[in-house]
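First the structure, in the form of structure tokens, and then the observations on it.
Protein chains: 4
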Amino acid sequence: MEEWLIMAYPSDRTALVVVDATNDFISEGGKAWPGVRDVLAEVGTVATMKRVLDAARAAGIQVLHAPMETQPWDYGPWKHRTPSHDGMFAAQLFRAGTWGAEFHPDFVPAEGEVVATPHKTFNAFHGTDLDTQLRQRDLDHLILCGLTTNTCVDSTGRDAVERGYHVTFVSDAVATFTMEMQQATIEQNWPRYAHRILTGAELVTELG
Amino acid sequence: MEEWLIMAYPSDRTALVVVDATNDFISEGGKAWPGVRDVLAEVGTVATMKRVLDAARAAGIQVLHAPMETQPWDYGPWKHRTPSHDGMFAAQLFRAGTWGAEFHPDFVPAEGEVVATPHKTFNAFHGTDLDTQLRQRDLDHLILCGLTTNTCVDSTGRDAVERGYHVTFVSDAVATFTMEMQQATIEQNWPRYAHRILTGAELVTELG
Amino acid sequence: MEEWLIMAYPSDRTALVVVDATNDFISEGGKAWPGVRDVLAEVGTVATMKRVLDAARAAGIQVLHAPMETQPWDYGPWKHRTPSHDGMFAAQLFRAGTWGAEFHPDFVPAEGEVVATPHKTFNAFHGTDLDTQLRQRDLDHLILCGLTTNTCVDSTGRDAVERGYHVTFVSDAVATFTMEMQQATIEQNWPRYAHRILTGAELVTELG
Amino acid sequence: MEEWLIMAYPSDRTALVVVDATNDFISEGGKAWPGVRDVLAEVGTVATMKRVLDAARAAGIQVLHAPMETQPWDYGPWKHRTPSHDGMFAAQLFRAGTWGAEFHPDFVPAEGEVVATPHKTFNAFHGTDLDTQLRQRDLDHLILCGLTTNTCVDSTGRDAVERGYHVTFVSDAVATFTMEMQQATIEQNWPRYAHRILTGAELVTELG
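Structure below.
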């Protein structure tokens, strides 16, 4: 059996990174919530994210929060906006200072937890201090959950692999706009580069 | 109509980036070729890549080649190899100095074209001079083709978007291990962040 | 004559980046101000920075502000703090929410100007969105001023060169802890990699 | 006493990075050698570099070589060349395939040692796989030596600090064009951000 299949999560080198657990995405009334509510409900994403967060805290694993947050100078003047940038700009998603950019009540950072500087596209490492905060704590195993599966979570996980991290995706603690998108990423892509793909229940058992 | 839908490709700011067009992937007898041969055949990938390359050259668009190439010190001693790293290491894929790491005869760089320093995982920007070579030539529109659709091509395109490039994927000038993987990326993911998704024929018409 | 010696600053591709113009550094009463006050006075740094800022605004050049700002989770738990990190941590420099982290009154961002996400060590590109904000506005000429000459300003300028920008340092719109440090950077280092080194007066004349 | 003052170099987490130990710089007859020969002689740089390399090998510390190497497509077509780029381009320094780009005989990589992909400006991390090779071996303490003190060595060390490494400069295993430049960096800059500054003799004693 491959070493990575039986590897545990050393508590002093493991981090849980919660991606985009803000009101605009996962709270009823959030601006992007209508787009993901069906998958959130079918997968049970938010409750699983919370169980994973509780288990990480109980196990003494460092928690980092990686939210989007946008400013008046973002997107509008950019020369090469993507369809996602256009959508975020039009709806003023995750606008700093609004309720939508605040953390969902279940995912408010606790003392000692890190809030990475906000990412502006998908990858929570790009243009943020996430890597610095992880490296300066000697953390090299990442457990990833949050939204959306095929954009921010996947781009963050892909870059984590490039940066030499051990990467675990929690397959029912993520969500996106359709179940077809959800499955495409989990089934077709993650087995190519994830070190591990676990359900929340499997992960909680391991951390317990 | 959105501006990006009608945008042309300014020849002095556009680059064609050919990803991993080496013998181990796209030449009969290449070590990884058996894994992708069916999709290559069904899609007609190699012939389309060649048509796109010819059209770019005819249009005076800068061509950059972004190959993998591995050294004796890669992968083996790494602490967090992915399944893909394991596969590349076991098979000694793209090993520097071997035929497998050489360019397929149709994709040998011409004079004035750039060969980026090799990437070691998926993203042709990560740990390479690709970004420097593009920026120093003031190129900000990228046309991407090559292998594999959901790993190197997609990771490169995702990072290009993060870095502020305008990104076009050529949907029949890419290939991967199964058609299901191929479709998952093209249909479920690229519409979220690509600026444009064109067939080779559509692109050649625009460049012509 | 070399092209770079006679090059003007195209207003649609030039940016002024003001580094660390916050109260803790350049306002009387700031925590780090006693360390730099003598050089600020001898060089006339703050007044020159203001003249440069005014000239950039008048010329329609994009202004970006690149401040430090620190959070409770910075530095303390880090494994490899430098002497500078130790100093910032001990004095709680640039702590978010305090007066010290606010901009000096002369350098408050105007509408349409960008405030980059904060850097945590020296380089205003590292772990921030500065590069994204510049690239997405097609800006590739940087004019740099601020503090300190040999740490944040120089590290930012060095990385700008690596990233392919045209870099101008304004030699009397910078300051550091001693005149010896100041001269070491301006005379011994910048001529190796700066595209241009101008006084504020020279720059204002060119922009005018 | 500060922890970092008494910290040893754990052999499984420490790396020696030798910067630009190629013929064009440090061998008689190299194209850039006339510019640095006086400082090399006064400091005794090459002999000290060799003693440090021998000590690292004897102590079982991972050695990485970080050379420059340039291709026909470098510098010439770049829009923002620095004075250093101009010099390298005009003299065809470190041109791939020439003797000048080969390692000086004392610094030929041994089996198991890493040769990072070449850097093109100063920073041996920028656009190279150096960070990946270090992280994937869990190495987080860097010992730096090579040329030149205030360009490649300093830019590499500055970026190493940003990336969270513990950084040691070996003050007599480096050289540059004048002793004034040499001293400016060692005395004015490194004490701001180096974790340690040691002579070769001090380092060899510690590793012994």
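Taken in order, these protein sequences are the chains called Y, X, A and F.
Using UniProt numbering, you'd call the opening residue of the first sequence number 1 and step up by one each time.
Using UniProt numbering, you'd call the opening residue of the second sequence number 1 and step up by one each time.
Using UniProt numbering, you'd call the opening residue of the third sequence number 1 and step up by one each time.
Using UniProt numbering, you'd call the opening residue of the fourth sequence number 1 and step up by one each time.
Built from N, CA and C at the ideal position, the CB exists for glycine as well.
Just how far apart, CA to CA, sit residue 94 of chain A and residue 59 of chain A? Looking at the two C-alpha atoms, the distance is approximately 31 Å.
Using the rule of at least 16 other Cβ atoms within 10 Å of the residue's Cβ for burial, across every protein chain shown, is residue 191 of chain Y buried or exposed? Exposed, since its Cβ has fewer than 16 Cβ neighbours within 10 Å.
My parser needs the alpha helix (DSSP H) runs of 4 or more residues fully inside the stretch 124-204 of chain F; what are they? The qualifying runs are 130-135, 154-162, 179-183 and 190-193.
Straight-line CA distance for residue 54 of chain F to residue 147 of chain F? About 18 Å.
C-alpha distance - residue 156 of chain Y paired with residue 49 of chain X, whole-angstrom precision: Residue 156 of chain Y and residue 49 of chain X have their C-alpha atoms roughly 29 Å apart.
Which partner residues does residue 62 of chain X have in the DSSP bridge list? Residue 62 of chain X pairs with X:15.
Using a beta-carbon distance below 7 Å, is residue 68 of chain F in contact with chain A? Not closer than 7 Å to any Cβ of chain A, the Cβ of residue 68 of chain F fails to qualify, so no.
Here's a check: name, in chain order, each residue in its chain whose Cβ is nearer than 7 Å to the Cβ of residue 100 of chain Y, leaving out the five neighbours to either side. Counting only Cβ-Cβ distances below 7 Å, and skipping sequence neighbours, we find 22, 23, 24, 30, 31, 93 and 94.
Ordered along the chain, which non-local residues of its own chain (more than five positions away) have a Cβ less than 8 Å from that of residue 46 of chain F? Same-chain partners within the cutoff: 26, 40, 104 and 106.
Within 10 angstroms of the Cβ of residue 108 of chain A, are there 16 or more other Cβ atoms? Answer buried if so, exposed if not. With fewer than 16 other Cβ atoms within 10 Å, it is exposed.
Touch test, the stretch 79-93 of chain Y against the stretch 128-143 of chain Y, Cβ-Cβ under 8 Å, three pairs minimum: These segments do not touch.
Report the neighbours of residue 161 of chain F on chain A: residues whose CB is nearer than 7 Å to its CB, in chain order. Per Cβ cutoff of 7 Å: 82 and 121.
Rounded to a whole number of angstroms, what is the C-alpha to C-alpha distance between residue 186 of chain Y and residue 71 of chain F? Rounded to the nearest angstrom, the two C-alpha atoms are 41 Å apart.
Expressed to the nearest angstrom, what Euclidean distance is found between the alpha-carbon atoms of residue 183 of chain X and residue 196 of chain X? Cα to Cα, residue 183 of chain X sits roughly 16 Å from residue 196 of chain X.
Could you confirm whether any beta carbon from chain X is found closer than 7 Å to the beta carbon of residue 137 of chain A? No, residue 137 of chain A lies away from the interface with chain X (no Cβ there is under 7 Å from its Cβ).
Tell me the rounded alpha-carbon separation between residue 205 of chain A and residue 124 of chain A. Rounded to whole angstroms, residue 205 of chain A and residue 124 of chain A show a C-alpha spacing of 27 Å.
Excluding the 5 residues preceding and the 5 following residue 36 of chain X in the sequence, name in chain order all residues of the same chain whose CB lies nearer than 8 Å to its CB. Within the same chain, residue 36 of chain X has close Cβ partners 25, 26, 147, 148, 175, 176 and 177.
Round the Cβ separation of residue 122 of chain X and residue 151 of chain X to the nearest angstrom and send it over; I've been treating them as touching at under 8 Å. Confirmed, about 5 Å.
Which residues share a DSSP beta bridge with residue 85 of chain F? The beta-bridge partner set that DSSP reports for residue 85 of chain F is empty.
Reduced DSSP secondary structure (H/G/I, E/B, other) of residue 9 of chain Y: Annotated three-state conformation of residue 9 of chain Y is coil, per DSSP.
Between the stretch 128-155 of chain F and chain Y, which residues of the former have CB atoms less than 7 Å from a CB of the latter, in chain order? Of all residues in the stretch 128-155 of chain F, the ones placed with a Cβ closer than 7 Å to any Cβ belonging to chain Y are 132, 135 and 136, in chain order.
Report yes or no: is there a C-beta of chain A within less than 7 Å of the C-beta of residue 77 of chain Y? At a cut-off of 7 Å, the C-beta of residue 77 of chain Y has a neighbouring C-beta in chain A.
Could you tell me the distance, in whole angstroms, from the CA atom of residue 144 of chain A to the CA atom of residue 87 of chain A? Each residue's alpha carbon lies about 24 Å from the other.
Closer than 8 Å by beta-carbon distance: list the chain F residues that pair up with residue 180 of chain A, in chain order. Ordered by position in chain F, the residues that pass the 8 Å Cβ test against residue 180 of chain A are 188.
Answer with buried or exposed for residue 200 of chain A, where buried requires no fewer than 16 other C-beta atoms within 10 angstroms of its C-beta. Residue 200 of chain A should be labelled buried.
Is it the case that the CB of residue 176 of chain Y approaches a heavy atom of the ligand COA more closely than 6 Å? As far as ligands go, the structure on display features none, and thus does not contain the ligand COA.
Indicate the three-state DSSP secondary structure (helix, strand or coil) for residue 70 of chain A in the structure shown. Residue 70 of chain A falls in the strand class under three-state DSSP.
Can the beta-carbon of residue 119 of chain Y be found closer than 7 Å to that of residue 141 of chain Y? Between residue 119 of chain Y and residue 141 of chain Y, the C-beta gap is not smaller than 7 Å, which leaves the two residues out of contact.
Pick helix, strand or coil for residue 48 of chain Y, following the three-state DSSP scheme. Of the three classes helix, strand and coil, the one that applies to residue 48 of chain Y here is helix, per DSSP.
Selected residue, minimal CA-CA separation from residue 17 of chain Y, among Y:57, Y:33, Y:38 and Y:28: The residue from Y:57, Y:33, Y:38 and Y:28 with its alpha-carbon nearest to that of residue 17 of chain Y is Y:57.
How is residue 43 of chain A classed by DSSP in three states: helix, strand or coil? Secondary structure at residue 43 of chain A: helix, using DSSP grouped into helix, strand and coil.
Using only the alpha-carbon positions, how far apart do residue 179 of chain F and residue 64 of chain F sit? Using only the alpha carbons, I get a separation of about 27 Å.
Using a C-beta to C-beta distance shorter than 9 Å, which residues of chain Y count as neighbours of residue 193 of chain X? Within chain Y, the residues whose beta carbon sits less than 9 Å from that of residue 193 of chain X are 82, 83, 84, 85, 121, 122, 151 and 155, listed in sequence order.
Within 10 angstroms of the Cβ of residue 164 of chain A, are there 16 or more other Cβ atoms? Answer buried if so, exposed if not. Looking at its Cβ environment, which holds 16 or more other Cβ atoms inside 10 Å, residue 164 of chain A is buried.
Going by C-alpha distance, which of Y:161, Y:111, Y:8 and Y:154 is nearest residue 62 of chain Y? Of the candidates Y:161, Y:111, Y:8 and Y:154, the one whose C-alpha sits nearest the C-alpha of residue 62 of chain Y is Y:111.
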